[in-house]
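K.L.:
For any residue, its number in the working numbering is found by taking its place in the sequence shown, counting from 1, and adding 10. Think of the CB as a built atom: it goes at the ideal place given N, C-alpha and C, for glycine as much as any other residue. Just so it is clear, the structure is predicted and the values come from calculations on it, not from any experiment.
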Amino acid sequence: MNFKNTNSERSTITRDTINFEEKTGNVYEAIVAMSKRSNQISSELKEELTSKLQEFASSTDNLEEVFENREQIEISKYYEKLPKPVAIAMTEMLEDKIYVRKIEEETK
Numbered sequence: 011m012n013f014k015n016t017n018s019e020r021s022t023i024t025r026d027t028i029n030f031e032e033k034t035g036n037v038y039e040a041i042v043a044m045s046k047r048s049n050q051i052s053s054e055l056k057e058e059l060t061s062k063l064q065e066f067a068s069s070t071d072n073l074e075e076v077f078e079n080r081e082q083i084e085i086s087k088y089y090e091k092l093p094k095p096v097a098i099a100m101t102e103m104l105e106d107k108i109y110v111r112k113i114e115e116e117t118k
């Protein structure tokens with residue numbers, strides 16, 4: 011999934027909870043679905059960031075040669091400017107990109 015090209019907000023905005031309730035029938039179910047999706051997005055972004063930072067990691071740590079790597083700083087700043095995982099999950103919920111499966115329906 012490409013989280014860099016999402017149209018999610020980069021800052022906090024007020025949301026109408028009725029819009030989320032319409033998606034699942036219960037606002038609390040919507041919150042649980044968005045929180046689970048947010049955790050998925052967060053772990054994917056963390057893995058991606060870690061792999062990119064590993065490319066610039068130096069194998070020798072000498073106290074005299076400790077310096078800030080500009081590439082690592084730029085990559086970190088880029089990821090800090092991305093929308094937060096919760097905002098991405100909310101946008102996905104409102105755009106019907108999240109599929110919510112209810113367990114009690116499966117057991118019947």
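#1: Excluding five sequence neighbours on each side, which residues of the same chain lie with their C-beta closer than 7 Å to the C-beta of residue 51?
#2: Is residue 107 near the ligand GTP, with its Cβ less than 6 Å from a heavy atom?
#3: Helix, strand or coil for residue 110, going by three-state DSSP, please let me know.
#4: Whole angstroms is fine: what's the gap from residue 62's alpha carbon to residue 54's?
#5: Taking buried to mean at least 16 other C-beta atoms within 10 Å of its own C-beta, is residue 47 buried or exposed?
#6: Pairing CB atoms from the stretch 106–115 with CB atoms from the stretch 80–92, are three or more of them under 8 Å?
#7: Going by CA-CA distance only, name the one from 58, 79 and 57 that's closest to residue 66.
P.N.:
Let me lay it out:
#1: Position 41 of the sequence shown holds residue 51. These residues qualify, in order along the chain: 13, 95, 98 and 99.
#2: The ligand content of the structure shown is nil, which means the ligand GTP is not present either.
#3: Stepping through the sequence shown from its first residue, residue 110 is reached at position 100. Three-state DSSP puts residue 110 in coil, outside helix and strand.
#4: Residue numbering aside, residue 62 sits at position 52 when the sequence shown is read from its first letter. Residue numbering aside, residue 54 sits at position 44 when the sequence shown is read from its first letter. The alpha-carbon atoms of residue 62 and residue 54 are separated by roughly 12 Å.
#5: Within the sequence shown, numbered from 1, the residue matching residue 47 stands at position 37. By the neighbour-count rule (16 or more Cβ atoms within 10 Å), residue 47 is buried.
#6: no
#7: By one-based count along the sequence shown, residue 66 stands at place 56. Ranking the options by Cα distance to residue 66, first place goes to 79.
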